[in-house]
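For the sequence shown, the residue numbers in mature numbering (1 follows the signal peptide of the UniProt record, and there is no 0) are -19 to -1, 1 to 551. All C-beta atoms in this analysis are idealised placements derived from N, C-alpha and C, irrespective of residue type, glycine included. Report on one structure; see the data block that follows.
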Amino acid sequence: MNSKTIALAILLLASTLFAKPTYLPPLELKSKASNDVLDFLNEQKQVSDTIIKKSSARDILGRIKKSSNSGQNEAYYIMRPQRTLDVHISPIQASREIQPISGRFEVNGNGEKKYWLDGNRISEDDYFRNVENRREKFVPVQQYQASLTASEIETLLNGPEPVYIDIVRKPILDSYTLYTTIFGYSEITSHAHANGYKGQGIGVFFNDEGCSDPVGYNSGYYVLLNTCSNGVRMHPTAVAKTISTTAPLATLYAYDGLGTGFLSSLNMDAHNPTIEISSHSWHYLPSNGVYSGNDKDVDNYIYNNRLISFYAAGNISSSDTTDFVGSPGLALNTIAVGAVNPSNNNYVSYSKWKNSNIGNQKPEMANYTDFYFPNINIDVWNGYFNGTSASTPYTAGIFADLLSQYGFFKRHPELVKAWIVSSEKIPIGNASSHDLDNNSEAARGIIRYSSIAWNHRYRYWSGSNSCCFDNNNKITFTENDIASNTHYRIAIAWLTSGDYVISNNSIAQDIDLRVYQNGSLLESSISAQNPFEVVDFTTTSNADLTIEIYRYANSGTDNVILGYTLWNDF
């Protein structure tokens, strides 16, 4: 058997073992409960009322009757106490119709910028004016918690309004190198701050248990959105300090309280500057990899309002011993951040890595941890900060700097995710041995400012489900001015509604990426459950690249919110 025959046999075997579904059902608007809630309902059905039999000579309280029918027993039913379950309830809704829009942006190594809108070359000022005028209205997330009996839960599930009911999950915090040294590794000081990009005009939201001491933020750039009911504490102080040192002119919007309760009240547009980024250094228990109602709500908020959200991948600890990435970091529209040791560029042993039951790749990236901020001597904090709790706000700060450099990325979490997975420059030495279920090119390197801020080309498409793709379910275009023998990385990413994921345990659109040169397939990425695809290759000629974005399967219900990036590593 020759080598070509062997290769063909291997290819046929692989295609048999890995067959992607070609059909994705439409979103069915019907109520659903998590397995934890269903277990509670089934358990309550097994419990019956207590039957007590008493002699008719005495009454139910045991008192002797004045007259009785001797030998006769009477049965008394003692109704069992109605157990309640603390539940999280949110509606299941169809996607709203959005207006079609497409954009394109290129920046070269000299910082020269070019803009297109709906296929037409346009000036920078005209681009931002048009985009602002066409921005979709803010959509709040509806959610509430209650303590309900089994019958009350069943009444909701059988009611006219479709809802998802989950248990109330407990959020926990994710528990040293001089920060200026780490800034050097990431080129924050030399390439961002030195060029005047310090997060100015960017609002960064974070929520934590407690409030920051003033040492954690820059005066005039910190807004507490609710009351400080948990007092000043170490963790929020360290989070604020990490963001404000990385992006000193970004405005921090702080919220005292763990969990996703903030989604019901956080209006990104109601603040000046508007909130563009969020950072969350906590996750829910149990950390068992199951896509939950909290993940659904976060995905819906990002899908509808386009918040760029970074969530800690989570730390393996005595209170959470599993490898699963924490919720809501495992949600499809969030960007989960792992932790890397700055002394050796390896994943730290406690950084969570395992994917959810949906199968989407997590985390999408990792960044440095183990920060030391000198000259801090306050009661609540000594200046040391580690874990994915530290790598997450550090990443949020970096992107606040980048958004102050390039406003094109505001309200484009799909573009930012593609941007990240196409720009991870510094290799993580133990990526393959640490993250055992990672079959993509993502989260194998660390971003560096020079590799992410220049030499990129970007495009996005947004509209209803029927927009953007041709009759063959493809978006096809040409990339010219290609350099020979040069390393390129291309990525796409898209948003999906949490309502669809919770109802079908799947993404609503499966979109593949293929790159051709000289008429031949150069590279492809065709995962089944990831909301992103990324290819990595080195060109052999300077011929144009043909980019094919193919919607392999489509539920027909989600909007198209799709981003594309090309990076060349000159």
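Give me the residue from the options with the minimum Cα distance to residue i.
i    : options                   : result
N114 : A(-1), A131, I82 and K11  : I82
K151 : V122, Y96, L239 and N207  : L239
N271 : S290, R287 and G310       : At residue 271 the sequence reads Val, which differs from the Asn that was named. Among S290, R287 and G310, the Cα nearest to that of V271 is on G310.
N348 : I297, K335 and V402       : V402
A474 : S465, L396, W548 and A423 : L396
T302 : S268, D550 and I492       : S268
N461 : V68, Q181 and S522        : S522
Q498 : T520, D17, K26 and Y545   : T520
G92  : A127, Y469, H172 and K26  : H172
S210 : D189, G444, G140 and E168 : D189
L8   : S487, V213, G177 and H216 : S487
G212 : A235, D20, G201 and S298  : A235
R85  : R77, I79, G100 and E78    : G100
D17  : P6, F186, L313 and D67    : D67
W362 : C192, G177, F109 and I542 : C192
Suppose the cutoff is 8 Å on Cβ atoms and the five residues either side in sequence are ignored; what does the same chain contact list for residue i look like?
i    : result
L502 : R495 and V496
L244 : P121, V122, Q124, D278, V279 and Y282
N356 : G364
Should residue i go down as buried or exposed, given a rule of 16 or more other Cβ atoms within 10 Å for buried?
i           : result
E24         : exposed
H264        : buried
T241        : buried
D517        : buried
K1          : exposed
V28         : exposed
F352        : buried
P408        : exposed
R116        : exposed
Y170        : This sequence places Thr at residue 170; Tyr is not what is there. It is exposed - the Cβ of T170 has fewer than 16 other Cβ atoms within 10 Å.
N452        : exposed
R102        : exposed
H468        : exposed
G537        : exposed
E78         : exposed
residue 552 : Outside the shown range of the chain, which is -19 to 551, sits residue 552, and nothing can be said about it.
S506        : buried
Y284        : buried
I(-10)      : Its pLDDT being 44, under 50, I(-10) is placed unreliably by the model, and the measurement read from it follows with that caveat. It counts as exposed.
Consider the Cβ of residue i: report whether some Cβ of chain C lies at a distance smaller than 8 Å.
i   : result
I70 : Here there is only one protein chain, and chain C is not present.
Who are the Cβ neighbours of residue i in its own chain at under 6 Å, not counting the five residues just before and after it?
i    : result
L247 : none
T373 : S260, S262, F291, A293 and V318
H69  : Q126, D147, V149 and G274
S12  : L138, P143 and V144
Y203 : L233
S432 : S404 and K406
Here's a check: name, in chain order, each residue in its chain whose Cβ is nearer than 7 Å to the Cβ of residue i, leaving out the five neighbours to either side.
i    : result
N436 : N89, G90, W548, N549 and F551
Y375 : T223, T227, N348 and Y349
D155 : S262, W263, H264, A293, G295, N296, G368, T369 and S370
N411 : N327 and Y328
R532 : F450, N454, Q490 and I492
**OP:** Write down every uninterrupted run of the alpha helix (DSSP H) in the stretch 389 to 439 whose length is 4 residues or greater and which is fully enclosed by it, in chain order.
**Re:** 394 to 402, 412 to 415 and 430 to 434
Original post:
Can we say the stretch 339 to 348 touches the stretch 315 to 328, given the rule of at least three CB pairs closer than 8 Å?
Top reply: yes
**OP:** List in chain order: all unbroken beta strand (DSSP E) runs of 3+ residues lying wholly within the stretch 190 to 262.
**Re:** 203 to 205, 232 to 237 and 256 to 261
Original post:
Is the stretch 212 to 228 touching the stretch 376 to 392 in the sense that three or more CB pairs, one from each, lie closer than 8 Å?
Top reply: yes
Original post:
What beta strand (DSSP E) runs, 3 residues minimum, are completely inside the stretch 56 to 134?
Top reply: 65 to 72, 82 to 88, 94 to 98, 101 to 103 and 125 to 130
**OP:** Please specify which runs of the beta strand (DSSP E), each continuous and at least 3 residues long, are wholly inside the stretch 276 to 321, giving them in chain order.
**Re:** Residue ranges of uninterrupted beta strand (DSSP E) with 3 or more members, entirely inside the stretch 276 to 321 and ordered along the chain, are 289 to 293.
Original post:
Does the count of Cβ pairs from the stretch 409 to 428 and the stretch 327 to 336 closer than 8 Å reach three?
Top reply: yes
**OP:** Report yes or no: do the stretch 67 to 80 and the stretch 467 to 484 share at least 3 C-beta pairs separated by less than 8 Å?
**Re:** yes
Original post:
What are the uninterrupted segments assigned as alpha helix (DSSP H) that are 4 or more residues long and contained completely in the stretch 474 to 538, given in chain order?
Top reply: 479 to 485
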